[in-house]
Amino acid sequence: ARLPHRRARTSVRYLPRLLVTYLAALHAYLFKHPFGFKYVALLACVAAIGHALLFFWNRYELQALRTAAVTAARPRDTGPPLDESPRRPSRSYSR
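As structure tokens, this is what we get:
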């Protein structure tokens with residue numbers, strides 16, 4: 005049995021951005037300090053990426069599996085769209 009990876013909508017949306025941010029920070033450090041602590045920075049980046057992967061797996065992927073939002077027949081979560089911010093009713097300023 006294969007384990008599902010990045011199938012919950014929240015993971016698909018935010019995990020790649022977070023990983024790119026971590027890798028960009030690593031590259032910025034390596035280019036800014038070429039004779040710095042390269043292996044310590046790499047270890048910190050790997051630890052942060054591992055933490056992010058475990059966080060998203062535990063928080064979102066397992067929940068999607070438990071609620072059957074992700075199944076073998078439906079490999080991606082296709083529920084209602086994510087709402088980034090609650091929409092407020094538009095105000096009319098006419099007097």
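When you line the sequence shown up against the working numbering, it's residues 5 to 99, in that order.
Built from N, CA and C at the ideal position, the CB exists for glycine as well.
- Put simply, the backbone Cα of residue 13 is about 37 Å away from that of residue 37.
- Here the stretch 40 to 53 makes no contact with the stretch 64 to 84; the two share fewer than three CB pairs at distances below 8 Å.
- According to the DSSP assignment, residue 55 belongs to the alpha helix (DSSP H) that extends over 42 to 60.
- The C-beta of residue 74 has 16 or more other C-beta atoms within 10 Å across all chains shown, which makes the residue buried.
- Counting every other CB atom within 10 Å of its CB across the protein chains shown gives residue 63 a total below 16, marking it as exposed.
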